[in-house]
DNA sequence: GATCAACTTTGATACAGATCAAGACCGGAA
DNA sequence: TTCCGGTCTTGATCTGTATCAAAGTTGATC
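Residue numbers (the working numbering), protein chains in the order written: chain A, 907 to 1154; chain B, 907 to 1154.
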C-alpha cells in the first residue's frame, strides 16, 4: 500500500493525512507499520480545548477533519490567533515537552495522533519523516511570515479580504478545485475569532464584512455562508500581488 | 574534530556556525568533509542586498557575523520585515528554487554559504542535518508566531519594548551573558527598519523611544547606543509574561 | 572648518479603528 | 408560542497612530 510520495491529502487512505504527509515510498514498510501501531484517533466537539499553552503534551498529530485554532493570550486577555489548523495540518512539536499555544477546536474535529516518544524514536530511525516534517514546517513558516505582512501593514478591509481568500483557497483545493468561477464556502470562524486572527475588534470585522457585501465583492447568506462571485476582485481587495503567491 | 552535538555558536570552530548547528557527532566524518568542501564565504557591506524576492537562489547558508533582514514589500511600497537574521541564523530553503523575501545586510556581514544542490544531496544522505534543520525551523516558526502577537495586539510602546528586549537578549546570549545587571548594546537598525519590523511609522518609533528614555526605562547615548538599567522593567513594558518565554 | 546627505526628533493635524452602547437576529429549550 | 443566550450589526464618540511639515543632529567629504 501507499507506494508514492504523494502530497495530496485524502487519496487512497482517507483516514490519516499524516501518512501521506510525513512518510513516503522510500521509507521501509515496517516503519510504516510501526507508525500505524502508535497511531490513535481523538474526537473533539466544537469549542472544546485540545490543549492549553504550557500543558504537558505527549503526542503529535494532524487534523483529519474539522478546524482548530492556535492562539496566544496576554495576561490582560488580549488574544492573537497564530495559526488556523485545517485538515492535513500538523500539530505539535517533536522535541518539546509542553504546548506553546492554546489549541481549540472551532468545529467538530477529528485528529490522528501519535504518542510523542515513539514518534520521535521513529523519526530518529526514518530519515524521510524528518525531511517531510521539515518541508511542512517551512511551509508553515512561510504562512506565518505572510501573515505578519497582513497584521503589520494591511488595512482592516484588506485583512478581511486576505482571510476570506485564504479560507476560500484552502476550501477549494481540499474539496472541488476551481477558483475560476464563483466560490462558495462556510465561514468556520465567529466574528470574534476572525478578529483575533486579524488583530482587529469584532465590531470592525462585522463592519468590513458588511462593506465588502455592499460593494458586491462577496455575497452573504445568513451570517456564515459566503459566495465570492469573482475571486480576482477579492484578491485585489486583499492587496496581494496578482500571482498565486499566497500561502497557507 | 567536533565531537559533540553542540548548539552553541562559536566554540571550537569560529568560522562557520552551520557546522555546529546542522551537524553533530553522529554524522560520519566524511560527510563533514563533504560539507566542508561545498562551503564558501560571502561578504556584504551594510545596505547591500543579498538577494531579491523572486530571484533564483542557488545557495543556502548561515550568518557568521553582522545582521541581515528579511522583508516583504507590497506593490504600493508598504514594507514588512518578517525576520531579523543574527549570527548563526540559517538563510534559504532547501527544496525551493527562488527566494521568497528580500534579504538585505543592515551592517557589514559575512555569510557562510553552501551550494544548494550539493547541500540537498548531502541532506538526503545525512539524516541528522534534516533533523537539525527541523529544530531550527521550528524555533523560527515559534519566533514568527511570537511576533504575530506583537504585530496584532501590542501598542506602539509595547512593540518598541518587545523589539529592544529581543535584541538585548540575543546580544547578551551571543556575547557575554547576564541579563541581571544593566544591559548595553548597539541598535543595529535605523528607526525606519524598526518601524518596518513593528508595523509602525518611523515617527512613531522615534516618539516611543524618546518616551521610554524619558521614563527611565532605557538610556540613550547618541541615537543607537542603548543601556537598559533593569531588564525586568523593559519586559514589563513589553507586556510579556514574567517568565523567560520569549523566543528568537 | 564648511557643506551635505542621511538620519532623527518634534509639532500640528487627520483619520482608521477602538470603545461604548443599543438593538437585531436566530436557534434551541420550556 | 415565548423566552433566552449567543452571535451579529449598527451608531456615536474617542483615541492612538499616521500623516504632513519643519527643524535638529551626526558623520563623511571636500
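Ideal Cβ positions, reconstructed from N, Cα and C, are used throughout, including at glycine.
Given this structure, state the Cα-to-Cα distance separating residue i from residue j, to the nearest angstrom.
i               : j               : result
residue 1130(B) : residue 1040(A) : 37 Å
residue 855(B)  : residue 1107(B) : Outside the displayed span of chain B (907 to 1154) sits residue 855(B), for which this structure offers no information.
residue 987(B)  : residue 1097(A) : 28 Å
residue 1062(B) : residue 1118(B) : 11 Å
residue 1003(A) : residue 980(B)  : 39 Å
residue 945(B)  : residue 997(B)  : 14 Å
residue 1105(A) : residue 1123(A) : 22 Å
residue 1015(B) : residue 1136(A) : 46 Å
residue 1125(B) : residue 1077(B) : 17 Å
residue 931(B)  : residue 1116(A) : Caution is warranted here: a pLDDT of 42 is assigned to residue 931(B), below 50, making its placement in the model unreliable, and the coordinate value is therefore given only provisionally. The alpha-carbon atoms of residue 931(B) and residue 1116(A) are separated by roughly 59 Å.
residue 1133(B) : residue 989(B)  : 24 Å
residue 1086(A) : residue 1138(A) : 9 Å
residue 1146(A) : residue 1088(B) : 44 Å
residue 1058(B) : residue 1056(A) : 9 Å
residue 1005(B) : residue 971(A)  : 33 Å
residue 956(A)  : residue 947(A)  : 13 Å
residue 974(A)  : residue 1021(A) : 20 Å
residue 1045(A) : residue 1034(B) : 20 Å
residue 978(B)  : residue 1007(B) : 6 Å
residue 949(B)  : residue 1128(B) : 28 Å
residue 1026(A) : residue 1120(B) : 51 Å
residue 958(B)  : residue 999(B)  : 14 Å
residue 1079(A) : residue 1090(A) : 13 Å
residue 1019(B) : residue 943(B)  : 11 Å
residue 1111(A) : residue 1060(A) : 14 Å
residue 1092(A) : residue 954(B)  : 46 Å
Since residue i is in the alpha helix (DSSP H), which residue starts that stretch and which ends it?
i               : result
residue 1142(A) : 1137-1144
residue 1050(A) : 1033-1059
For the beta strand (DSSP E) holding residue i, just list the boundary residues, first then last.
i               : result
residue 985(A)  : 985-991
residue 948(B)  : 945-950
residue 1021(A) : 1015-1021
residue 978(A)  : 974-979
residue 967(A)  : 965-971
residue 1011(B) : 1008-1011
residue 955(A)  : 955-957
residue 1132(B) : 1131-1134
Cβ closer than 7 Å: which chain B residues qualify as neighbours of residue i?
i               : result
residue 1006(A) : 1048
residue 1037(A) : 1036
residue 1044(A) : 999, 1043
residue 993(A)  : Residues of chain B passing the Cβ test: none, with the nearest at roughly 20 Å.
Compute the distance between the beta-carbons of residue i and residue j, then report whether it is under 9 Å.
i               : j               : result
residue 1054(B) : residue 1050(A) : yes
residue 1099(B) : residue 1140(B) : no
residue 961(A)  : residue 1023(A) : no
residue 1030(B) : residue 1037(A) : yes
residue 991(A)  : residue 976(A)  : yes
residue 1070(A) : residue 1103(A) : no
residue 1094(B) : residue 985(B)  : no
residue 1072(A) : residue 1114(A) : no
residue 994(A)  : residue 966(A)  : no
residue 1043(B) : residue 1032(A) : no
residue 1047(B) : residue 1028(A) : no
Which chain A residues are close to residue i, counting only those with a beta carbon under 9 Å from its beta carbon?
i               : result
residue 978(B)  : 1051, 1052, 1054, 1055, 1059
residue 1062(B) : Residues of chain A passing the Cβ test: none, with the nearest at roughly 12 Å.
residue 1023(B) : What residue 1023(B) touches in chain A: nothing, since even the nearest Cβ is about 16 Å away.
residue 967(B)  : Going along chain A, no residue has its Cβ under 9 Å from residue 967(B), so there is no contact; the nearest lies around 16 Å.
Listing by chain order, which chain A residues have their CB less than 7 Å from the CB of residue i?
i               : result
residue 1041(B) : 1001
residue 1075(B) : By Cβ distance, chain A contributes nothing, its closest Cβ being about 17 Å from residue 1075(B), past 7 Å.
residue 986(B)  : 1054, 1055, 1058, 1059
Note down, in chain order, every chain B residue with its Cβ under 9 Å from the Cβ of residue i.
i               : result
residue 1145(A) : 980, 981, 982, 984
residue 1135(A) : Correct list: empty, because the minimum Cβ distance to chain B is about 24 Å.
Task: 3 or more residues per run - each beta strand (DSSP E) lying fully within the region 1062-1111 of chain B - done: 1089-1092
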